[in-house]
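Peer 1: At position 205 of the sequence shown (counting the first as 1) the number is 205 in full-length UniProt numbering, and the numbers step up by one without a gap.
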Amino acid sequence: MSLPTLHELHRPLGSTGLLVSPLGLGTVKLGRDQGVKYPNGFQIPGDEEARMLLRQARELGINLIDTAPAYGRSEERLGPLLRGQRKDWVIVSKVGEEFADGVSLHDFSAAHTRLSVERSLQRLETDFIDLMLVHSDGNDLHILNDCEVYQTLADLKREGKIRGFGFSGKTVEGGVKALEQGDCAMVTYNLNEQAEKAVIDYAATHGKGILVKKALASGHVCLEPGVDPIHASFMMLFAQTGVASAIVGTINPLHLAHNVATAAKVIRQR
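1. Which term fits residue 80, buried or exposed, when burial requires 16 or more other beta carbons within 10 angstroms of its beta carbon?
2. For the beta strand (DSSP E) that contains residue 262, what are its first and last residues?
3. Please report the straight-line C-alpha distance between residue 82 and residue 14, rounded to a whole angstrom.
4. Could you spell out where the beta strand (DSSP E) holding residue 23 opens and where it closes?
5. To the nearest whole angstrom, what separates the beta carbons of residue 66 and residue 26, a pair I think is in contact under 8 Å?
6. For residue 74, which option in 213, 51, 59 has the closest C-alpha, if you only look at C-alpha atoms?
7. Between which two residues does the beta strand (DSSP E) harbouring residue 66 extend?
8. Tell me whether residue 119 sits in a helix, a strand or coil according to DSSP, three-state version.
9. From this set, 94, 30, 71, 192, which residue's C-alpha is nearest residue 103's C-alpha?
10. Rounded to whole angstroms, how far is the Cβ of residue 192 from the Cβ of residue 217, which I believe are closer than 8 Å?
11. Per the contact definition of three or more C-beta pairs closer than 8 Å, is the region 111-131 in contact with the region 147-161?
12. How big is the Cα-Cα spacing for residue 152 and residue 189?
13. May I have the straight-line CA-CA distance separating residue 139 from residue 149, to the nearest angstrom?
14. Within 10 Å of its beta-carbon, does residue 259 have 16 or more other beta-carbons around it, so buried, or fewer, so exposed?
15. Which of the three DSSP states, helix, strand or coil, is assigned to residue 133?
16. Between the Cα of residue 248 and the Cα atoms of 34, 54, 48, 47, which residue gives the shortest distance?
17. Would residue 111 be called buried (16 or more neighbouring beta carbons within 10 Å of its own) or exposed?
18. Once DSSP output is grouped into helix, strand and coil, what is the label at residue 174?
19. For residue 238, I'd like the list of residues in its chain whose CB is within less than 6 Å of its CB, leaving aside the five on either flank, ordered along the chain.
20. May I ask which residues mark the beginning and end of the beta strand (DSSP E) holding residue 106?
21. Determine the direct distance from the alpha carbon of residue 168 to that of residue 133, and round the result to whole angstroms.
22. Give me the Cα-Cα distance between residue 36 and residue 269, rounded to the nearest whole angstrom.
Below, the structure written as structure tokens:
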């Protein structure tokens, strides 16, 4: 008996024209092990281990990969690891946050946005990035109202360097405003935190894309004994029609297979 996959379950990411798997692979653990909020420590996998994980994800029907300059060496490792596979992946990266010497720095200027996108194109060895998100520092409305980053991303979309743009924020007000002008919002939504549900609802009624971060609460979801936290999380998540995909950042092949099998089961039962 073959394992369930997500190949037949790809769905539109809002009105971007992109079709994405309902689970995406987060890659912070491919590039950074400092300042991360997981309950257990981990070792950054070597190239062969990472290559096998990416191959497994692809075979299980995952086509969405999420990275960022703030994820340490993630982008520069993915470039060589994904060589010859560009057509197989929808690549999401970010601008606005850098991570150096153990601390995050933020810059939402036009000049830094352009520099960051050009650098991501170079690192990822590609002519275009499917979706570029602003990596918010939490001051969502200030970034959208007073900084140049969103307009610069709109310009880069017109230039063909990115296919869509959006916002990975921390507030309902920021998420909704970002969707008014952009293509997609990345929101936190899990069994522990549902404060940004209004952003998902706005996206559903306006044809915009939603990606979910921390779908499994970065490994912190706890339920009563006998309840599978992955199943319970996905039941809640995929009940939301506005959600296109949930980003899950595992480097454990067994966890990845279980996540995919559970998501496929939950979505097919709907």
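Using N, Cα and C, we set each Cβ at its ideal position, and we do this for glycine too.
These numbers come from a predicted model, not from an experiment.
Peer 2: With the structure as the only source:
1. Along the sequence shown, read from residue 1 onward, the residue named residue 80 stands at position 80. Looking at its Cβ environment, which holds fewer than 16 other Cβ atoms inside 10 Å, residue 80 is exposed.
2. Here residue 262 refers to the residue found at position 262 of the sequence shown. Not the beta strand (DSSP E): residue 262 falls in the alpha helix (DSSP H), residues 253-269.
3. Residue numbering aside, residue 82 sits at position 82 when the sequence shown is read from its first letter. Residue numbering aside, residue 14 sits at position 14 when the sequence shown is read from its first letter. Their backbone Cα atoms lie some 25 Å apart in a straight line.
4. If you number the sequence shown from 1, residue 23 lands on position 23. Where residue 23 is concerned, the enclosing beta strand (DSSP E) stretches over 23-26.
5. Here residue 66 corresponds to residue number 66 of the sequence shown, with the count starting at 1. Here residue 26 corresponds to residue number 26 of the sequence shown, with the count starting at 1. Correct: roughly 5 Å between the Cβ atoms.
6. The residue given as residue 74 occupies position 74 in the sequence shown. For the residues 213, 51, 59, the minimum Cα distance to residue 74 belongs to 51.
7. Numbered from 1 along the sequence shown, position 66 holds the residue referred to as residue 66. First-last of the beta strand (DSSP E) with residue 66: 64-66.
8. In the sequence shown, the residue the question calls residue 119 occupies position 119. Here residue 119 sits in helix by DSSP.
9. Within the sequence shown, the letter at position 103 stands for residue 103. Out of 94, 30, 71, 192, 71 has the C-alpha closest to the C-alpha of residue 103.
10. Counting from one through the sequence shown, the residue named residue 192 turns up at place 192. Counting from one through the sequence shown, the residue named residue 217 turns up at place 217. Between residue 217 and residue 192 the Cβ distance is about 5 Å, and since that is below 8 Å, they are a contact.
11. yes
12. Position 152 of the sequence shown holds residue 152. Position 189 of the sequence shown holds residue 189. Whole-angstrom Cα-Cα distance: 28 Å.
13. The residue you call residue 139 lines up with position 139 of the sequence shown. The residue you call residue 149 lines up with position 149 of the sequence shown. About 13 Å.
14. In the sequence shown, residue 259 corresponds to position 259, counting from 1. Residue 259 is buried by the Cβ-count criterion.
15. For the purposes of this step, residue 133 is taken as the residue at position 133 of the sequence shown. Note: residue 133 maps to strand in three-state DSSP.
16. As a working mapping, residue 248 is identified with position 248 in the sequence shown. For the residues 34, 54, 48, 47, the minimum Cα distance to residue 248 belongs to 54.
17. As a position in the sequence shown, residue 111 is number 111, starting the count at 1. Under this definition residue 111 is an exposed residue.
18. Here residue 174 refers to the residue found at position 174 when the sequence shown is read from its first residue. Looking at residue 174 - three-state DSSP - the assignment turns out to be helix.
19. Position 238 of the sequence shown, counted from the start, is the residue given in the question as residue 238. 266, 267.
20. As a position in the sequence shown, residue 106 is number 106, starting the count at 1. Element bounds for residue 106: 103-106.
21. Here residue 133 refers to the residue found at position 133 when the sequence shown is read from its first residue. Here residue 168 refers to the residue found at position 168 when the sequence shown is read from its first residue. Each residue's Cα considered, the two are about 6 Å apart.
22. As a first step, residue 36 is located in the sequence shown; it is residue number 36 there, counting from the start. As a first step, residue 269 is located in the sequence shown; it is residue number 269 there, counting from the start. Going from the Cα of residue 36 to the Cα of residue 269 covers about 34 Å.
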